[in-house]
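Inspection log for the structure reproduced underneath, given as structure tokens.
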Amino acid sequence: MDNHLLEIKNISKSFDGEEVLKDISLTVNKGEVVSIIGPSGSGKSTALRIATLLEKTDGGTISYNGRVAFTDESGTVVYADKKELREISRCFGLVFQSFNLFPHYTVLKNITEPVILSGAGREEARTRAMDLLAKLGLADKAEAYPGSLSGGQKQRVSIARALALKPQILFFDEPTSALDPELTGEVLKVIKELAALNMTMVIVTHEMKFAREVSDRILFMENGVVHSQGTPEELFNSNDERLMAFMGKLEA
Amino acid sequence: MRLSVMLTQLTYGMVTSVEIFLLTLIFSLPLGLLVAFGRMSKNKVLSGIVKIYIAVMRGTPLMLQLIVVYFAPFYIFGMNLSGFRFPAIIIAFSVNYAAYFAEIYRGGIEAIDKGQYEAAKVLGYSKAGTFFRIILPQVLRIIMPSVTNETITLVKDTSLAFVLAQAEMFTIAKQIAAKEASVGPLMVAGLFYFVFNFIVAFVMDRVEKKLDYWT
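Residue numbers (the numbering used here), protein chains in the order written: chain A, 970 to 1221; chain B, 3 to 217.
Right, here's the structure in full:
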């Protein structure tokens, strides 16, 4: 096999007869950082939710490291069995727009419990969690409850929570959209640091400047299809009218 | 009747009232959770049946339900269940309160953001793990004020057992009051319910604070 970590082919999805995704394909290699940009309602988040198995697909194929999560080669969509899907789920992590930390757990327990449930020992889980918290500048918040944290701190905790499970690829669903402009910086900085460490990432974002700096490749989605894709330079210097309009609108 | 005799009898009734109260809570709280699951089930037949059950339990008087549970086996099947007065009372109270608790649970469960389920799923929690570790603790905190309300109502509702001549607080107080032509026993009964509920409210308040440790 090649170094394709994630392979998405021709996925489609409708909600109540409305086609949100028409035909999306995306291949992500190990160590690559791919950003997905596009106007609201273009299907970016839906694509991410299908890739992370939170939403059922209507069609298409997805595989992680060559292990097939679902395929429609036979004409209808067939998902792998539960056990295989659980195994495949260990390949990826997801950081939500709204953090989704567990409010009744301390920061530390938010991070350690999933690790313990995955089969690691308590000590191992604690070490991993404290390491990550230290790296993210949150060591003093280990015993705090999420309710007492700022938005930026919450998002950093949720990144730590995802990283503690050692995913091979990390998805971000608009990680800064719920944050004050002042707080987005600290989260974007963390993601940049992860990129420097060669973490494989797929990031749905509205932060154009950030996408340009951090990405190896950018996908511009609109109306349920990949309108264009390429390196940041290719996209930002493109003459495509639609793309220019979108970028211009956001940079203005 | 001497005061001490009267108080002894009332104390006996008091113990029975507390028994009805505690047993009803012990059975109806878990049962209510099951009913809530049935109510929220994707299976239309199951959720339909549960909906009807809840509607009947909430739509008819508890006193009538008590009588039906106790006498129906005799009227319908000719079974003599006269020895099963107390169990009949506990059954009637439990299935009635389970219906109310079920709706409270449902409200609490539906108040939890679906992001909590999604985060749990992505982090590898099983369905049961998600419910018991992530969802339920948050639900319990949300529903505590409603549960307290319902529990306080239950204390007073135990007096309905008089309709089956169960010798609980109210039944005995009424008997003594009639026999002695005195309002005293009823006053004692009233005081009993008031103090009982005062204690219930106090305990529930402590539980509520305990469940609220994370805010």
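By construction, the Cβ of each residue, glycine as well, lies at the ideal position given by its N, Cα and C atoms.
In this text, all values refer to a predicted model and were calculated from it rather than measured experimentally.
Under 7 angstroms between C-beta atoms, does residue i make it to chain D?
| i | result |
| --- | --- |
| residue 1023 (chain A) | In the displayed structure, chain D is absent; the protein chains listed are A and B. |
Could you tell me whether the Cβ of residue i comes closer than 7 angstroms to any Cβ of chain A?
| i | result |
| --- | --- |
| residue 124 (chain B) | yes |
| residue 150 (chain B) | no |
| residue 117 (chain B) | yes |
| residue 144 (chain B) | no |
| residue 9 (chain B) | no |
| residue 160 (chain B) | no |
| residue 217 (chain B) | yes |
| residue 147 (chain B) | no |
| residue 24 (chain B) | no |
| residue 187 (chain B) | no |
Just the chain B side, please: which residues come within less than 9 angstroms of residue i by C-beta, in chain order?
| i | result |
| --- | --- |
| residue 1132 (chain A) | Under the 9 angstroms cutoff, chain B gives no residues; its nearest Cβ is about 12 angstroms from residue 1132 (chain A). |
| residue 1059 (chain A) | 126 |
| residue 1062 (chain A) | 124, 125 |
Considering only their Cβ atoms, is the gap separating residue j from residue i smaller than 7 angstroms?
| i | j | result |
| --- | --- | --- |
| residue 974 (chain A) | residue 999 (chain A) | yes |
| residue 1139 (chain A) | residue 1035 (chain A) | no |
| residue 1101 (chain A) | residue 1132 (chain A) | yes |
| residue 1195 (chain A) | residue 1141 (chain A) | no |
| residue 170 (chain B) | residue 30 (chain B) | no |
| residue 202 (chain B) | residue 157 (chain B) | yes |
| residue 1012 (chain A) | residue 1193 (chain A) | yes |
| residue 144 (chain B) | residue 110 (chain B) | yes |
| residue 136 (chain B) | residue 1071 (chain A) | yes |
| residue 1123 (chain A) | residue 1076 (chain A) | no |
Mind pulling the chain A residues with CB within less than 7 angstroms of residue i?
| i | result |
| --- | --- |
| residue 121 (chain B) | 1065, 1069 |
| residue 114 (chain B) | Chain A residues near residue 114 (chain B): none, gap ~10 angstroms exceeds 7 angstroms. |
| residue 136 (chain B) | 1071 |
Does residue i have its Cβ less than 7 angstroms from a Cβ in chain B?
| i | result |
| --- | --- |
| residue 1120 (chain A) | no |
| residue 982 (chain A) | no |
| residue 1114 (chain A) | yes |
| residue 1083 (chain A) | yes |
| residue 989 (chain A) | no |
Flag residue i as yes when its Cβ comes closer than 6 angstroms to any non-hydrogen atom of the ligand SAH, and as no otherwise.
| i | result |
| --- | --- |
| residue 31 (chain B) | Of the ligands one can find in the structure shown there are none, so the ligand SAH has no counterpart to examine. |
Counting only Cβ pairs nearer than 8 angstroms, list the residues of chain B close to residue i.
| i | result |
| --- | --- |
| residue 1087 (chain A) | 126 |
Counting only Cβ pairs nearer than 8 angstroms, list the residues of chain A close to residue i.
| i | result |
| --- | --- |
| residue 139 (chain B) | 1073 |
| residue 110 (chain B) | Residues of chain A passing the Cβ test: none, with the nearest at roughly 13 angstroms. |
| residue 15 (chain B) | What residue 15 (chain B) touches in chain A: nothing, since even the nearest Cβ is about 41 angstroms away. |
| residue 34 (chain B) | Those do not exist, as residue 34 (chain B) stays about 21 angstroms from chain A at its closest Cβ, beyond 8 angstroms. |
| residue 131 (chain B) | 1086 |
Report the start-end ranges of each alpha helix (DSSP H) in the region 62 to 94 of chain B that is 4 residues or longer and not cut off at the edges. You should have 64 to 79.
Does the count of Cβ pairs from the region 110 to 122 of chain B and the region 184 to 192 of chain B closer than 8 angstroms reach three? no
Tell me the start and end of each unbroken beta strand (DSSP E) in the region 1050 to 1078 of chain A that is at least 3 residues and wholly inside, in chain order. 1061 to 1064
Measuring CB atoms only, is the region 1201 to 1210 of chain A touching the region 1016 to 1032 of chain A, in the sense that at least three cross pairs come out at less than 8 angstroms? no
Only counting runs of 3 or more residues, tell me where the beta strand (DSSP E) segments fall wholly within the region 1090 to 1149 of chain A, in order along the chain. Under the rule that a run must span 3 or more residues, the beta strand (DSSP E) segments found entirely inside the region 1090 to 1149 of chain A read 1138 to 1142.
At a cut of 8 angstroms, does the region 1044 to 1060 of chain A reach the region 1004 to 1011 of chain A through at least three beta carbon pairs? no
Would the region 133 to 149 of chain B and the region 1200 to 1207 of chain A be scored as touching if the rule is three or more Cβ pairs under 8 angstroms? no
Would you call the region 1082 to 1092 of chain A and the region 1161 to 1178 of chain A in contact, with 3 or more CB pairs under 8 angstroms? Segment contact: the region 1082 to 1092 of chain A against the region 1161 to 1178 of chain A, fewer than three CB-CB distances shorter than 8 angstroms; contact not assigned.
Sufficient close CB pairs (3 or more, under 8 angstroms) joining the region 126 to 141 of chain B to the region 59 to 78 of chain B: no
At a cut of 8 angstroms, does the region 1170 to 1177 of chain A reach the region 977 to 989 of chain A through at least three beta carbon pairs? Three or more beta-carbon pairs separated by less than 8 angstroms are not found between the region 1170 to 1177 of chain A and the region 977 to 989 of chain A, which leaves the two stretches without contact.
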